[in-house]
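Participant:
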Amino acid sequence: MKKEIIILVFCFCYVTAIAQETQTTEQQIENITEVNESETEDDSYLQSLRHYQRNKLNLNIASETELKEFIFLSPLQIANFLNYRRLFGKFISIYELQSIPTWDNELIQKILPFVMVGPAISIREDVGRRLREGEYTILSRITYVLEESEGFRRRKDTAATSYYPGSRERFLLRYKYVYRNLLQYGTTAEKDPGEQWFKGAQRNGFDYYSAHLFVRNIGIIKNLAVGDYTVNMGQGLIQWQSLAFRKSVDVINTKRQASILRPFNSTNEYFFNRGAAITLEKNRFQVTGFASVRKVSGNLTVDTLNAEDYFSSLVTSGLHRTPNEQADKNAVQMNSFGGNISYNDGNLHISTNAVYFQFNKPLQRDDQPYNNFAFSGKQLTNMSIDWSYTWRNMHWFGEVANHNSNNYGMMSGLLVSADSKVDLSFVYRNIQKGYQSIFGNAFTEGTFPTNERGLFAGASIKPNAKWKLDAYMDFYRFPYLRFRIDAPSNGQDYLVQLTHRPSKLIEINTRFRQESKALNYTDDGELIMSLVEPVTRKNWRTQIQYKLNPSLTIRQRLDAIWFDLGGPLESRGFLAFFDVFYKPQLKPFSANIRLQYFETDDFNSRIYAYENDVLYGFSIPPFSNKGYRYYLNVNYDISEKLALWVRWAQFIYRNRTVIGSGLDEIAGNQRSEVKIQVLWRL
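Heads up: the sequence shown begins at 1407 in the numbering used here, then just goes up one per residue.
This is the structure:
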């Protein structure tokens, strides 16, 4: 009886920890989607968490790089962990984590499902196991929208020149072999709805293929990548291709931190390198070099006057359905080369970074005022120096970068553990309007690091185990014009969230966010190119989660939006949903369901809400107009080697006769989607 009680207690803590990290990730991904106005396809972080659930990281041999895989760990928490282990030796029990400064119960609960304490395995024995004892997996996923859109209906019209020639399903196939965190290889193939399959423009089958081989820790070789991989350097001013979070309720998560090289097997068809890369490590020095040769999609223009074709922009959507989209596919040759040299001495890190891009055709932007300082031509070079230093309870980090030697960008941040109950974060950035990068992804207000100055300050206060207050304020300025902003402009962003956990079974949080930024419009709300006025967006959200028993959890959220109150663009939005999660302990079956109502005046007052999906799946649709949304997810582990997921989701609008626009327009007021996924472990 005692053994069964211990197992149930462990399972309860495990599920609670997973739920806490899931909620943090949900809010981060919601914010990325809202900023970019498109869903991310980078599921590498979810794959990494899943890997460590099944192959727990041994804390007695965990490196700084491996700990950075857990994005919820701050640099101060990682430094304190390594210092504790250096001073007191190997961990005897997982309970020792409570003795590490800045490691509170909430953080420990988050990381518990992914780590363990055990003896170290010798490197010689480890190498012998890499090719024998890893896990082979095959994942297959199909997504299908029941209602036929305009692009598919036009196939029957012989006079139509623009339509979707391919079939209506989205299909993903992924094969992967993983041995711990030391060896990984695999392939990924995907076809989007409307793309052809083994015929027409896609005679080779799938529209998108990816393959990778990634090896870690072989002598002085720290990382070796062949095929597709990502490169992450500094604070993202010159290059950051992996998933990176921005402003959110997790106010301490402001620093970019990840391994420079990472394997890539996501379905995103743009943010990766294709070629080879290597990181060598000796004592306190690391040297990384990489080369990438690949074709990317771009809007190509034939210039008969100058006898040289050019492209006006790179296409990142990965969609190649219509003749125009097919013509853009692989239209531009993009080669890139670069590297990193870094020095690490315990609490001090300093490195130099460089990346060079070369295109086979010149980039020539549209003739718009906001493009006056945008990159054009065939070649681009970025170089930077980044650093970090930990001293007691403070961590200082930053990066200074230049573009083609004469345009500069810099950012610097400070993390402070002012008290066991108070954490502070500050980030300052100053990036010139002429600074450009191809794969830049820094902690900025804009999507890309350019034309921005700003100061961010955040605080996380935990007076006791039951209460937590997170807040930030961000003041920024765009010194030059931007898209839909025809003058230099300012902006402010404020957020405060109060979280209450009266017991392990209940969590209540309420959040208010206000953002004010400039936009072009006239007194009647029509967009023009001269008048720039501040527009304020306010959001209030309250969410309650209650664990009824070890198998059943319910969650409810209320979300309200006020856009440009008192102005010509005034609109309001409201969303409410109710979730039920059912996961019987030690059973192969689980399910969750959501019932939701939303009502907004227009698209300006849209609301984003993260939806639970199949394993590694994403769904963060924008909700506007009036209607209902519901979905049902079911997971059944048929055996230890075979798992099945089924998802049904539907929109039902109250006052619409069509959904979407253009070739994606659906006649009627319903949009229904079914998704089936199978995971087979060989």
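Just so it is clear, CB atoms sit at the ideal spot from N, CA and C, and this is done for glycine as well. The structure displayed is predicted, hence computed values, not measured ones.
Tell me, please, whether the region 1604-1612 touches the region 1770-1788 by the rule of three or more beta-carbon pairs shorter than 8 Å.
Facilitator: no
Participant: Between which two residues does the beta strand (DSSP E) containing LEU1830 stretch?
Facilitator: Counted from its first residue, the sequence shown places residue 1830 at position 424. 1828-1837 is the extent of the beta strand (DSSP E) around LEU1830.
Participant: Which word fits ASP1449, buried or exposed, when buried means at least 16 other C-beta atoms lie within 10 angstroms of its C-beta?
Facilitator: For this step, residue 1449 is matched to residue 43 along the sequence shown. With 16 or more other Cβ atoms within 10 Å, it is buried.
Participant: With a Cβ-Cβ cutoff of 8 Å, do LEU1452 and PHE1520 count as a contact?
Facilitator: Translated into the one-based positions of the sequence shown, residue 1452 becomes position 46. Translated into the one-based positions of the sequence shown, residue 1520 becomes position 114. No, they are not a contact pair.
Participant: What do you reckon, are the CB atoms on SER1977 and THR1942 nearer than 8 Å?
Facilitator: By 1-based counting over the sequence shown, the position of residue 1977 is 571. By 1-based counting over the sequence shown, the position of residue 1942 is 536. No, these two residues do not count as a Cβ contact at 8 Å.
Participant: Work out the CA separation of ALA1566 and GLN1962 for me, nearest whole Å.
Facilitator: Start at 1 with the first residue of the sequence shown, and residue 1962 comes out as number 556. Start at 1 with the first residue of the sequence shown, and residue 1566 comes out as number 160. Rounded to the nearest whole angstrom, the C-alpha separation of GLN1962 and ALA1566 is 47 Å.
Participant: In three-state DSSP terms, what is GLU1976?
Facilitator: For this step, residue 1976 is matched to residue 570 along the sequence shown. GLU1976 falls in the coil class under three-state DSSP.
Participant: So which of PHE1696, SER1719 and ARG1700 has the shortest CA-CA distance to THR1707?
Facilitator: Locating residue 1707 in the sequence shown gives position 301, where the first residue counts as 1. Taking only the C-alpha atoms, the option nearest THR1707 is SER1719.
Participant: Is the region 1683-1701 in contact with the region 1496-1516, if contact means three or more CB pairs nearer than 8 Å?
Facilitator: no
Participant: Give a yes or no on contact between the region 1781-1789 and the region 1459-1479, applying the rule of three or more CB pairs nearer than 8 Å.
Facilitator: no
Participant: Check whether the Cβ atoms of ALA1865 and VAL1828 sit closer than 8 Å, and answer yes or no.
Facilitator: Locating residue 1865 in the sequence shown gives position 459, counting from the first residue. Locating residue 1828 in the sequence shown gives position 422, counting from the first residue. Result yes, Cβ atoms of ALA1865 and VAL1828 sit closer than 8 Å.
Participant: Do ILE1967 and ALA1924 come within 8 Å of each other at the CB atom, strictly closer than that value?
Facilitator: One-based indexing of the sequence shown puts residue 1924 at position 518. One-based indexing of the sequence shown puts residue 1967 at position 561. No, the Cβ-Cβ distance between ALA1924 and ILE1967 is not below 8 Å.
Participant: Helix, strand or coil: which one does DSSP assign to ASP1734?
Facilitator: Within the sequence shown, residue 1734 is the residue found at index 328, counting from 1. The answer is helix: DSSP assigns ASP1734 an H, G or I state.
Participant: Taking the beta strand (DSSP E) that GLY1815 falls in, what are its first and last residues?
Facilitator: As a first step, residue 1815 is located in the sequence shown; it is residue number 409 there, counting from the start. Its beta strand (DSSP E) spans residues 1813-1825.
Participant: Taking all protein chains shown into account, decide if PHE2029 is buried (16 or more other Cβ within 10 angstroms of its Cβ) or exposed.
Facilitator: Start at 1 with the first residue of the sequence shown, and residue 2029 comes out as number 623. PHE2029 comes out buried.
Participant: Can you tell me which residues form a DSSP beta bridge with ARG1919?
Facilitator: What you label residue 1919 is simply residue 513 of the sequence shown in a count that begins at 1. For ARG1919, which the question treats as bridged, DSSP gives the partners LEU1901 and ASN1945.
Participant: Does the Cβ-Cβ distance between LYS1701 and ASN1674 come in under 8 Å?
Facilitator: Within the sequence shown, residue 1701 is the residue found at index 295, counting from 1. Within the sequence shown, residue 1674 is the residue found at index 268, counting from 1. Cβ distance not < 8 Å, so LYS1701 and ASN1674 don't count as in contact.
Participant: Locate the alpha helix (DSSP H) running through HIS1726, then write down its first and last residues.
Facilitator: Residue numbering aside, residue 1726 sits at position 320 when the sequence shown is read from its first letter. That residue, HIS1726, is in no alpha helix (DSSP H); it is neither H nor E in DSSP.
Participant: My assumption, with CB atoms under 8 Å, is that LEU1643 sits in contact with GLY1846. Please give the rounded CB distance.
Facilitator: By one-based count along the sequence shown, residue 1643 stands at place 237. By one-based count along the sequence shown, residue 1846 stands at place 440. Indeed they touch by this definition, with Cβ atoms about 6 Å apart.
Participant: Flag this pair as yes or no: are the beta carbons of ASN1638 and TRP1646 separated by less than 8 Å?
Facilitator: As a working mapping, residue 1638 is identified with position 232 in the sequence shown. As a working mapping, residue 1646 is identified with position 240 in the sequence shown. Cβ distance < 8 Å, so ASN1638 and TRP1646 count as in contact.
Participant: How about TRP2054 and VAL2084: are their beta carbons less than 8 Å apart?
Facilitator: Within the sequence shown, numbered from 1, the residue matching residue 2054 stands at position 648. Within the sequence shown, numbered from 1, the residue matching residue 2084 stands at position 678. Cβ atoms of TRP2054 and VAL2084: not closer than 8 Å.
Participant: Give the secondary structure of ASN1466 by DSSP, where H, G and I count as helix, E and B as strand, and everything else as coil.
Facilitator: Here residue 1466 refers to the residue found at position 60 when the sequence shown is read from its first residue. Here ASN1466 carries a coil assignment [DSSP, helix/strand/coil].
Participant: From what residue to what residue does the beta strand (DSSP E) around GLY1557 run?
Facilitator: In the sequence shown, counting from the first residue as 1, residue 1557 sits at position 151. No beta strand (DSSP E) holds GLY1557; the alpha helix (DSSP H) holding it covers 1556-1559.
Participant: If you draw a straight line from the C-alpha of ALA1807 to the C-alpha of ILE1791, how long is it?
Facilitator: Position 401 of the sequence shown holds residue 1807. Position 385 of the sequence shown holds residue 1791. Going by the C-alpha atoms only, they are around 7 Å apart.
Participant: Which term fits ILE2044, buried or exposed, when burial requires 16 or more other beta carbons within 10 angstroms of its beta carbon?
Facilitator: To locate residue 2044, count along the sequence shown from 1; it is residue 638. That one is exposed.
Participant: Give the single residue among TYR1988, ILE1999 and GLN1949 whose Cα lies nearest to the Cα of ASN1955.
Facilitator: Looking up residue 1955 in the sequence shown gives position 549. Measuring from the Cα of ASN1955, the nearest candidate turns out to be TYR1988.
Participant: Scan the region 1663-1713 and note each continuous beta strand (DSSP E) run of 3 residues or more that stays entirely inside, going in chain order.
Facilitator: 1667-1669, 1679-1688, 1691-1702 and 1704-1707
Participant: Hey, could you find the ends of the beta strand (DSSP E) GLN1962 is sitting in?
Facilitator: By 1-based counting over the sequence shown, the position of residue 1962 is 556. 1958-1969 is the span of the beta strand (DSSP E), which, as asked, contains GLN1962.
Participant: Quick one: any contact between the region 1544-1555 and the region 1572-1586, if contact means 3 or more CB pairs under 8 Å?
Facilitator: yes
Participant: How would you call SER1723, buried or exposed, if buried means at least 16 neighbouring beta carbons within 10 angstroms?
Facilitator: As a working mapping, residue 1723 is identified with position 317 in the sequence shown. Counting Cβ neighbours within 10 Å, SER1723 comes out exposed, since fewer than 16 surround it.
Participant: Given a threshold of 16 other Cβ atoms within 10 Å of its Cβ, counted over all protein chains shown, does GLY1633 qualify as buried or as exposed?
Facilitator: In the sequence shown, the residue the question calls residue 1633 occupies position 227. Buried: at least 16 other Cβ atoms inside 10 Å.
Participant: What did DSSP end up calling ILE1644 once you bin it into helix, strand or coil?
Facilitator: On the sequence shown, position 238 is the one that residue 1644 refers to. Coil at ILE1644, not helix or strand.
Participant: Please name the residue, chosen from GLY1752, LYS1953, GLU1687 and GLN2056, that lies closest to ARG1907 on a Cα-to-Cα basis.
Facilitator: For this step, residue 1907 is matched to residue 501 along the sequence shown. Of the candidates GLY1752, LYS1953, GLU1687 and GLN2056, the one whose C-alpha sits nearest the C-alpha of ARG1907 is LYS1953.
Participant: Below 8 Å between beta carbons: does that hold for LEU1911 and TYR1927?
Facilitator: The residue labelled residue 1911 in the question sits at position 505 within the sequence shown. The residue labelled residue 1927 in the question sits at position 521 within the sequence shown. No, these two residues do not count as a Cβ contact at 8 Å.
Participant: I'd like the ranges of any beta strand (DSSP E) spanning at least 3 consecutive residues and lying wholly in the region 2000-2063.
Facilitator: 2032-2043 and 2048-2059
Participant: Could you spell out the range, first to last residue, of the beta strand (DSSP E) harbouring LEU1754?
Facilitator: Position 348 of the sequence shown holds residue 1754. Its beta strand (DSSP E) spans residues 1754-1769.
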